[in-house]
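Student: Okay, handing you the structure first.
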Amino acid sequence: MLKKRIIPCLDIRDGRVTKGIEFKNNIDIGDPVLLAEFYSQNGADEIVIYDITASAEKRAPDFSTIEKIAAKSFVPICIGGGIRDFTDASHCIASGAEKVSLNSIAPRKPELITEISNHFGVQAVVLSLDVLADSSCPSGYRLFINGGRTATDWDMIRWLEFALPLGVGELCVNSIDQDGKRNGYDLDLLELIKQKVRVPVIVSGGAGKAQHLIEAFSQGADAALVASIVHSGEMTLLQLKEECVRAGLPVRMDW
Amino acid sequence: MTNTPAKVGILNYGAGNFGSVKRAVEALNIVPVEVVDVETLKQVERLVFPGVGSAQQAMAELKQRNLVEPLKSFAQSGHPLLGICVGMQVLGEWSEEGNTECLGLLPYRVEKFRCEAPIPHMGWNSVAWSAKNSACNAATASISVAANFYFVHSYAAFVQSKSQSSAHVMGVSSYGGQDFCAFVAHQNIWGAQCHVEKSGRIGLQLIENFLRWERG
Chain W
129 MLKKRIIPCL
139 DIRDGRVTKG
149 IEFKNNIDIG
159 DPVLLAEFYS
169 QNGADEIVIY
179 DITASAEKRA
189 PDFSTIEKIA
199 AKSFVPICIG
209 GGIRDFTDAS
219 HCIASGAEKV
229 SLNSIAPRKP
239 ELITEISNHF
249 GVQAVVLSLD
259 VLADSSCPSG
269 YRLFINGGRT
279 ATDWDMIRWL
289 EFALPLGVGE
299 LCVNSIDQDG
309 KRNGYDLDLL
319 ELIKQKVRVP
329 VIVSGGAGKA
339 QHLIEAFSQG
349 ADAALVASIV
359 HSGEMTLLQL
369 KEECVRAGLP
379 VRMDW
Chain R
0 MTNTPAKVGI
10 LNYGAGNFGS
20 VKRAVEALNI
30 VPVEVVDVET
40 LKQVERLVFP
50 GVGSAQQAMA
60 ELKQRNLVEP
70 LKSFAQSGHP
80 LLGICVGMQV
90 LGEWSEEGNT
100 ECLGLLPYRV
110 EKFRCEAPIP
120 HMGWNSVAWS
130 AKNSACNAAT
140 ASISVAANFY
150 FVHSYAAFVQ
160 SKSQSSAHVM
170 GVSSYGGQDF
180 CAFVAHQNIW
190 GAQCHVEKSG
200 RIGLQLIENF
210 LRWERG
């Protein structure tokens, strides 16, 4: 049986892992290579690395860090932040990533989705979206870019209807309202998206306890990103997974 | 380790996971030879055959490098060979992907998933093992029966049922109600549909089992 995935998310700024609240006020967590290795050996089903300042600084992701991580972490790796074109995506994959996550670039250059998936397969393309509740949008959510700083004209569902057929293998949905607050994932948002899409959905933003993951998995999430809850040491991946097992959810317990 | 493996090669024909497989082999403290043509193939006694993408593209790349017949000879001479993902698929007879004739080293045909579930089958999945021969036993040494492996694929070598499968089928997984070969082994020729190079410590263990396997 296919397992629900728990994916630690490492936000990298100036070569260090950081974590913010509502995408701001970041605090230092540690060395990305050591943290990725630690998580990969302790139950991470995948590792996501966001170079959170690459886009704003108009530079590519830090490929040398990706290479160092891939040499120590033998689980799938997804890279986001700073991917501007096909060359950047190819470099990420050549450096040891399996997937690239496209966020701010996707509404600006949607053809990049097709270019990458045609070459590497749809499973290599994760479409990541930062959304904020907005009653003026038909779906109730608006798409944001630039690390949640810039509103777009896209209604979230309109955006998905446009972008998914271009060659998206997976969707990662970040709720800006919930990020770092540890009050739980936005389940209304998840339900809305699961009704509309067939690709696997990763929920992101808001995990504060195991119950939040259990709720999201039970409502159809295929994977969940975790950051604060594990970075703080409050809960280990093993503890989160043990709770999922108790709730009867299929998760990978051997590593 | 007492037995140092014979010269290990990794086939590099442009497949996307060559680097990941190389890093996995290096993590086992083995320095692999990059096999790119007939000459470099002659330098090795054991070969890992990675693969990402399509069977059609993989066969085209092998033909372009004049590697089709040399690879068959390599396998038929008894050298251990491990195909991974598309590398395993092309060890079979044929793939539906581009109606592609494959290497024909193992007796299976590869077809597309026909199910309601999203394609590709992607993520961690368990395997039902059946130790049918000495290669199967060697492949699964030190690996728990409950172990999960990381899969990413849209095509597979399907089996009719988990219990009634051919002698080369050593591990079967299920997705979308369809059962398929997760692992195959016949004498010196092994195949893994999953990405063992990205399946954590357990995947590395399987690669190590292959690299250290001596034919009895």
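These protein sequence lines are chains W and R, in that order. If you're matching positions, the first sequence starts at 129 in the working numbering and goes up one per residue. If you're matching positions, the second sequence starts at 0 in the working numbering and goes up one per residue. Note that CB positions come from ideal geometry on N, CA and C, so glycine has one too. Note that the structure is predicted; figures quoted are calculated from it, not measured.
Considering only the beta carbon of each residue, do L353 of chain W and G336 of chain W sit closer than 9 Å?
Tutor: no
Student: Is T1 of chain R helix, strand or coil by DSSP?
Tutor: For T1 of chain R, the predicted structure reports a pLDDT of 43, less than 50, and the residue's modelled location is therefore unreliable. The matter cannot be settled from this model.
Student: Identify the contact partners of S256 of chain W in chain R, using a Cβ-Cβ distance below 9 Å as the criterion.
Tutor: Within chain R, no residue comes near S256 of chain W; the closest Cβ sits about 16 Å away, beyond 9 Å.
Student: For a quick check, are the C-beta atoms of I304 of chain W and D258 of chain W less than 9 Å apart?
Tutor: yes
Student: Apply the 10 Å Cβ neighbour rule to L138 of chain W and answer buried if 16 or more other Cβ atoms are within range, or exposed otherwise.
Tutor: buried
Student: Could you please give me the residues that DSSP links to R133 of chain W through a beta bridge?
Tutor: Partner(s): W:A351.
Student: Among all the DSSP beta bridges, which residues are the ones paired with T215 of chain W?
Tutor: Its beta-bridge partners do not exist; DSSP assigns none.
Student: Using a C-beta cutoff of 9 Å, does K131 of chain W count as contacting chain R?
Tutor: yes
Student: Where in the region 34–100 of chain R do unbroken runs of the alpha helix (DSSP H), each at least 4 residues long, occur, reported from the N-terminal end onward?
Tutor: 37–41, 54–63, 67–75, 85–88
Student: I'd like to know whether the C-beta of D382 of chain W is nearer than 9 Å to at least one C-beta of chain R.
Tutor: yes
Student: Are there 16 or more other CB atoms within 10 angstroms of the CB of V373 of chain W, so buried, or fewer, so exposed?
Tutor: Exposed, by the Cβ-count rule.
Student: Using the Cβ count rule (16 or more neighbours within 10 Å means buried), how would you classify W212 of chain R?
Tutor: buried
Student: Select from the region 124–139 of chain R all residues with a C-beta closer than 9 Å to any C-beta belonging to chain W, and list them in chain order.
Tutor: Against chain W - using a Cβ distance shorter than 9 Å - the residues of the region 124–139 of chain R are N124, S125.
Student: Here's a check: name, in chain order, each residue in its chain whose Cβ is nearer than 6 Å to the Cβ of V228 of chain W, leaving out the five neighbours to either side.
Tutor: I207, I211, A217, C220
Student: Need the endpoints of the beta strand (DSSP E) that Y167 of chain W sits in, please.
Tutor: From DSSP, Y167 of chain W is part of no beta strand (DSSP E) but of the alpha helix (DSSP H) over 160–169.
Student: Less than 9 Å between CB atoms is the rule here; does L377 of chain W satisfy it with respect to chain R?
Tutor: no
Student: Going straight from the alpha carbon of S232 of chain W to that of L294 of chain W, what length do you get?
Tutor: 16 Å
Student: Nearest by alpha-carbon distance to A191 of chain R: which of R:G176, R:R214, R:H152 is it?
Tutor: Selected option, being the one with the closest Cα: R:H152.
Student: Does R113 of chain R pass the burial test, meaning 16 or more other C-beta atoms within 10 Å, or should it be called exposed?
Tutor: exposed
Student: Cβ closer than 7 Å: which chain C residues qualify as neighbours of G52 of chain R?
Tutor: Note that chain C does not occur in the displayed structure, where the protein chains are W and R.
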